[in-house]
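Chemist: The sequence shown lines up with residues 1 to 326 when you count with UniProt numbering.
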Amino acid sequence: MTMTQQHRIGSGFGAHSTAADVLDGIDLTGRTVLITGGYSGLGKAATEAMARAGAEVLVPARRPETARNALRDYAEVAELDLADLDSIRIFAERFLDTGRAIDIVIANAGVMAYPRERIVPGWEAHFAINHLGHFALVNQLQPALRPGARVVSVASSGHFLSDIRWGDPHFDHDYDPWQAYGQSKTANALFATHLDTLGVRAFAVHPGSILTPLQRNISRAQQIAQGWITEDGRQAAGFKTPAQGAATAIWAATAPQLDAYGGAYCQDCDVAEPATTEDMLVGGVKPWAVDPDAAARLWAMSREFTGLDSFSADRVSSPDGDSDVA
Ligand SMILES: NC(=O)c1ccc[n+]([C@@H]2O[C@H](COP(=O)([O-])OP(=O)(O)OC[C@H]3O[C@@H](n4cnc5c(N)ncnc54)[C@H](OP(=O)(O)O)[C@@H]3O)[C@@H](O)[C@H]2O)c1
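(1) Please check the pair F311 and V152, which I expect to be a contact at CB under 8 Å, by giving their CB distance rounded to whole angstroms.
(2) Identify which residue in D176, F191, F171 and A19 has its Cα closest to the Cα of R303.
(3) DSSP state of H126, grouped into three classes?
(4) Kindly identify the DSSP beta-bridge partner or partners of H206.
(5) Provide the residue(s) that pair with L34 in DSSP beta bridges, ordered along the chain.
(6) I need the straight-line Cα distance from L298 to A189, nearest angstrom please.
(7) If you draw a straight line from the C-alpha of G12 to the C-alpha of E56, how long is it?
(8) Using the C-alpha atoms, what's the distance from Q179 back to L82?
(9) From F95 to A149, what does the alpha carbon distance come to, in whole angstroms?
(10) How many angstroms separate the CA atom of V59 from the CA atom of Y261?
(11) Among the residues of its own chain, which have a CB less than 7 Å from the CB of A236, if the five just before and after it don't count?
(12) Can you check which of these residues, E48, A155, A187 and A107, is closest to H206 by C-alpha distance?
(13) With a threshold of 7 Å (Cβ to nearest heavy atom), would S209 be considered close to ligand 1?
(14) Could you give the DSSP three-state label for P147: helix, strand or coil?
(15) Quick one: using the 10 Å Cβ neighbour count with 16 as the cut-off for buried, is T18 buried or exposed?
(16) R146: buried (16+ other C-beta within 10 angstroms of its C-beta) or exposed?
(17) Within 10 Å of its beta-carbon, does W166 have 16 or more other beta-carbons around it, so buried, or fewer, so exposed?
(18) Rounded to the nearest angstrom, how far is the Cβ of S162 from that of G182, given a contact under 8 Å?
(19) Since T193 and I164 should fall inside the 8 Å C-beta cutoff, what is the C-beta to C-beta distance between them, to a whole number of angstroms?
(20) Please classify R202 as buried or exposed, where buried requires at least 16 other C-beta atoms within 10 Å of its C-beta.
(21) Please report the distance separating the alpha-carbon of residue 329 from that of T36.
(22) P121: buried (16+ other C-beta within 10 angstroms of its C-beta) or exposed?
(23) With respect to 7 Å, is the separation between the Cβ of R150 and the closest non-hydrogen atom of ligand 1 below this value?
(24) Helix, strand or coil for I9, going by three-state DSSP, please let me know.
(25) Starting from the Cα of A109, find the closest Cα among T254, W123, S184 and A313 and give me that residue.
(26) Give the range of the beta strand (DSSP E) segment to which E79 is assigned.
(27) What is the DSSP secondary structure of V152, reduced to helix, strand or coil?
(28) What residue does the alpha helix (DSSP H) around N139 start on, and which one ends it?
Okay, structure coming up:
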C-alpha cells in the first residue's frame, strides 16, 4: 500500500464508534486473538469486546497477577516482558508447544515519554519495547499464524514526532523522550507496511487520544499545558473513551472491507488520509510512516538487532548457505 492509497473508504464507522459497534454482528467463536497489553487502557477494552464477541483472548502480560485481576476469567493470561528477548522466546515456545493457531494479533502494548532508559543489550526503551519486542514476538509466533490471520500494530499520530533515526536509533546522542516515542510509533507503522508484503495481512492504527495509564510519566501540569485535561481534571474535547480507542484496532482486525487494503494505516475506523497538518489530534499519516522502502529497511535493521526473521524469503540461507536466523 503506497501513500496514494491512503484514503478513506467509507467504512460506515467513525471517531465515536466503539469496540462493540464495530463488532456488531461479528461472531468470533473459535477464533484465537492475542492482545499485548490487553489488561490496561485500550488494550483492556479490546480484550473485553473480543471476548464478548466469542473469541478466545490470550493476553501476554509483564505483570500477570495484575492482568488476571483486571480480566477476571474472560481472557487467558501468560507472562511476557517485551523488554526481554528471552521472555519473548519462552512465551512463544510455550505457545507453539500447545499446537494452537492464532487468528488475530493486536500488537498494542507500549510505553510513552520514558525518561532515558536502556534495556539489555543497550537498546533505547521505546524502540525496544514498542517495536523490537513486537517484531520478535510476531516473528516467533509465525508458525502459529493461521492462513488469513491479521496482525494489527497499534501505532499513533505520535509518529509525527520522528522518522526512524537511521544513524542513531538507540539515541546515543540527543535523547528526547517524545522523539523516542515518535520513532517507535513510526516503527510500528512501518512494521505493518512491510509485514503485509511478506504474506500476512497487516495494518497499523492510530487509536485516537485516550486518557490511560500511558500518560503516567507526564505530570498533571504538563497534561493541562498540552490541552489533554482541563484545570478541573476532565479530559479535553476530542479525546476518546477506551472503548472508542479500541475500535480502530478491532475494526482493522476484523473488517472484511479491509481485505484489499493490506498495509494500510488507519484511524477513526477507516483508512487514514495523508496528514495535512501538524496537529496530532487531527492525525492522518505522514509519508515516512508508510514508505515501503523505509519499511523494508527497518525490517532488515530489526532482523539485525534481534537475529530473527521468520517471514522473508531470504531468511533460511545467507549467500554462503548458512542460516541467517538466530
Ligand atoms: N492512550 C492514547 O492516547 C494513545 C494514543 C495513541 C497511541 N496509543 C498507543 O496505544 C497502545 C496502548 O496504550 P494505552 O493508552 O492503552 O496505554 P496503557 O494503559 O499504559 O497500556 C499499555 C500496556 O502495555 C503494557 N506494557 C508496557 N511495557 C511492557 C513490556 N515491557 N512488556 C509487556 N507489556 C508492556 C502495559 O503493561 P503494565 O500495565 O504492566 O505497565 C500495559 O498493559 C500503546 O501502544 C500506545 O502507544 C495510545
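Note that the Cβ used here is the ideal one computed from N, Cα and C, for glycine as well.
Modeler: In short, the structure shows the following:
(1) Position 311 of the sequence shown, counted from the start, is the residue given in the question as residue 311. Position 152 of the sequence shown, counted from the start, is the residue given in the question as residue 152. Not really, about 16 Å apart at Cβ, beyond 8 Å.
(2) The residue labelled residue 303 in the question sits at position 303 within the sequence shown. Closest by alpha carbon: F191.
(3) The residue you call residue 126 lines up with position 126 of the sequence shown. Three-state DSSP puts H126 in a helix.
(4) For the purposes of this step, residue 206 is identified with residue 206 of the sequence shown, where counting begins at 1. H206 pairs with Q267.
(5) Position 34 of the sequence shown, counting from 1, holds the residue named residue 34. Answer is L58 and V105.
(6) The sequence position of residue 298 within the sequence shown is 298, counting from 1. The sequence position of residue 189 within the sequence shown is 189, counting from 1. If I take the Cα positions, the gap works out to 11 Å.
(7) One-based indexing of the sequence shown puts residue 12 at position 12. One-based indexing of the sequence shown puts residue 56 at position 56. Cα-Cα distance, rounded: 27 Å.
(8) Counted from its first residue, the sequence shown places residue 82 at position 82. Counted from its first residue, the sequence shown places residue 179 at position 179. Roughly 20 Å separates the two Cα atoms.
(9) On the sequence shown, residue 95 is found 95 positions in, with the first residue counted as 1. On the sequence shown, residue 149 is found 149 positions in, with the first residue counted as 1. Whole-angstrom Cα-Cα distance: 16 Å.
(10) Within the sequence shown, residue 59 is the residue found at index 59, counting from 1. Within the sequence shown, residue 261 is the residue found at index 261, counting from 1. One C-alpha to the other measures close to 27 Å.
(11) On the sequence shown, position 236 is the one that residue 236 refers to. Excluding sequence neighbours, A236 sits near G227, W228, I229 and T230.
(12) Position 206 of the sequence shown, counted from the first residue, corresponds to residue 206. Ranking E48, A155, A187 and A107 by Cα distance to H206 puts A155 first.
(13) Against the sequence shown, residue 209 aligns to sequence position 209. Yes; taking the cut-off as 7 Å, the Cβ of S209 has a heavy atom of ligand 1 nearer than that.
(14) Mapped onto the sequence shown, residue 147 falls at position 147. P147: strand per DSSP, three-state reduction.
(15) By one-based count along the sequence shown, residue 18 stands at place 18. Buried is the call here.
(16) In the sequence shown, residue 146 corresponds to position 146, counting from 1. R146 comes out exposed.
(17) In the sequence shown, counting from the first residue as 1, residue 166 sits at position 166. W166 comes out exposed.
(18) As a first step, residue 162 must be located in the sequence shown, where it is residue number 162. As a first step, residue 182 must be located in the sequence shown, where it is residue number 182. The pair is a contact, with the Cβ atoms about 3 Å apart (cut-off 8 Å).
(19) For the purposes of this step, residue 193 is identified with residue 193 of the sequence shown, where counting begins at 1. For the purposes of this step, residue 164 is identified with residue 164 of the sequence shown, where counting begins at 1. Not a contact, Cβ separation roughly 12 Å.
(20) Translated into positions along the sequence shown, residue 202 becomes position 202. Per the sequence presented here, residue 202 reads as Ala, with Arg not at that position. The residue is buried, with at least 16 neighbouring Cβ atoms inside 10 Å.
(21) Not covered by the structure: residue 329. The range shown for the chain is 1 to 326.
(22) Residue numbering aside, residue 121 sits at position 121 when the sequence shown is read from its first letter. P121 is exposed by the Cβ-count criterion.
(23) Taking the first residue of the sequence shown as 1, we reach residue 150 at position 150. Every heavy atom of ligand 1 is 7 Å or more from the Cβ of R150, so no.
(24) Here residue 9 refers to the residue found at position 9 of the sequence shown. Coil at I9, not helix or strand.
(25) Position 109 of the sequence shown, counting from 1, holds the residue named residue 109. Comparing Cα positions, the closest option is S184.
(26) Position 79 of the sequence shown, counting from 1, holds the residue named residue 79. Counting along the chain, the beta strand (DSSP E) containing E79 begins and ends at E76 to E79.
(27) One-based indexing of the sequence shown puts residue 152 at position 152. V152 falls in the strand class under three-state DSSP.
(28) Indexing the sequence shown from 1 puts residue 139 at position 139. Per DSSP, N139 belongs to the alpha helix (DSSP H) from G133 to L141.
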